[in-house]
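Residue numbers (the working numbering): 33 to 178. For reference, the structure discussed in these notes is given below.
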């Protein structure tokens, strides 16, 4: 014959487990919702930080672009393209060494510029721009005079 105390103890234990399970389920659901909300907020913060960096980078670019206008020194900013340099030299039909003489650098430097291994300095960009404006006859005259 079972002891009434042990039966009562096992019944109380079973009911307590049932109640705890119900409470834990609601806490788990709340925890899942909170974790989802935290993940969404983290994604939102990440997107906002990325947008902020983009805007800051854009404003820095516009500030740098407006600086030469404020300076008013009359110097234009030159761009360099290795492909255009090579095509211009080919169009003129001269060697890299000859092109280098026109610009004031070595033929090897011209090769490096054309291959993208090096970039010309500002003063050299100005020399390149002046040579770029020359025609085939002017180039042969200059090279013949030297």
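Every residue gets a Cβ at the ideal spot worked out from N, C-alpha and C, and that includes glycine.
> Around the Cβ of residue 73, are there at least 16 other Cβ atoms within 10 angstroms (buried) or fewer (exposed)?
Replying inline: What you label residue 73 is simply residue 41 of the chain shown in a count that begins at 1. Exposed: under 16 other Cβ atoms inside 10 Å.
> By DSSP, does residue 109 sit in helix, in strand, or in coil?
Replying inline: For this step, residue 109 is matched to residue 77 along the chain shown. Secondary structure at residue 109: coil, using DSSP grouped into helix, strand and coil.
> Between residue 88 and the rest of its own chain, which residues show a CB-CB distance below 7 Å, the 5 nearest in sequence each way excluded?
Replying inline: The sequence position of residue 88 within the chain shown is 56, counting from 1. Contacts found: none.
>> I'd like the span of the alpha helix (DSSP H) that includes residue 168, first residue to last.
In response: Taking the first residue of the chain shown as 1, we reach residue 168 at position 136. Counting along the chain, the alpha helix (DSSP H) containing residue 168 begins and ends at 168-177.
> Going along the chain, which residues of its own chain have a beta-carbon closer than 7 Å to the beta-carbon of residue 136, five neighbours each way excluded?
Replying inline: Position 104 of the chain shown, counting from 1, holds the residue named residue 136. Within the same chain, residue 136 has close Cβ partners 159.
> Contact check, residue 129 vs residue 139 under 8 Å by CB: the rounded distance?
Replying inline: Start at 1 with the first residue of the chain shown, and residue 129 comes out as number 97. Start at 1 with the first residue of the chain shown, and residue 139 comes out as number 107. The pair is a contact, with the Cβ atoms about 3 Å apart (cut-off 8 Å).
>> What residue range does the alpha helix (DSSP H) around residue 189 cover?
In response: Outside the modelled stretch of the chain, which goes from 33 to 178, sits residue 189, for which no answer is possible.
>> Quick check on the burial criterion: 16 or more other C-beta atoms within 10 angstroms. Buried or exposed for residue 163?
In response: For the purposes of this step, residue 163 is taken as residue 131 along the chain shown, with counting starting at 1. Burial call: buried.
> According to the neighbour-count rule (16 or more other Cβ atoms, all chains shown, within 10 Å of its Cβ), is residue 170 buried or exposed?
Replying inline: For the purposes of this step, residue 170 is taken as the residue at position 138 of the chain shown. Residue 170 should be labelled exposed.
> If you run the structure through DSSP and keep just helix, strand and coil, what is residue 158?
Replying inline: If you number the chain shown from 1, residue 158 lands on position 126. Of the three classes helix, strand and coil, the one that applies to residue 158 here is helix, per DSSP.
>> Starting from residue 136, trace the alpha helix (DSSP H) in both directions and tell me its first and last residue.
In response: Within the chain shown, numbered from 1, the residue matching residue 136 stands at position 104. Element bounds for residue 136: n/a, residue is neither H nor E.
>> Let me confirm a value: residue 56 is counted as buried when at least 16 other C-beta atoms fall within 10 Å, else exposed. Which label applies?
In response: Stepping through the chain shown from its first residue, residue 56 is reached at position 24. It counts as exposed.
> Between residue 161 and residue 121, is the Cβ-Cβ spacing less than 8 Å?
Replying inline: As a first step, residue 161 must be located in the chain shown, where it is residue number 129. As a first step, residue 121 must be located in the chain shown, where it is residue number 89. Not in contact: residue 161 and residue 121 (Cβ atoms no closer than 8 Å).
> Run through DSSP, which three-state label would residue 90 get?
Replying inline: Sequence index remark: in the chain shown, residue 90 carries index 58 (1-based). The three-state reading of DSSP puts residue 90 in helix, counting H, G and I together.
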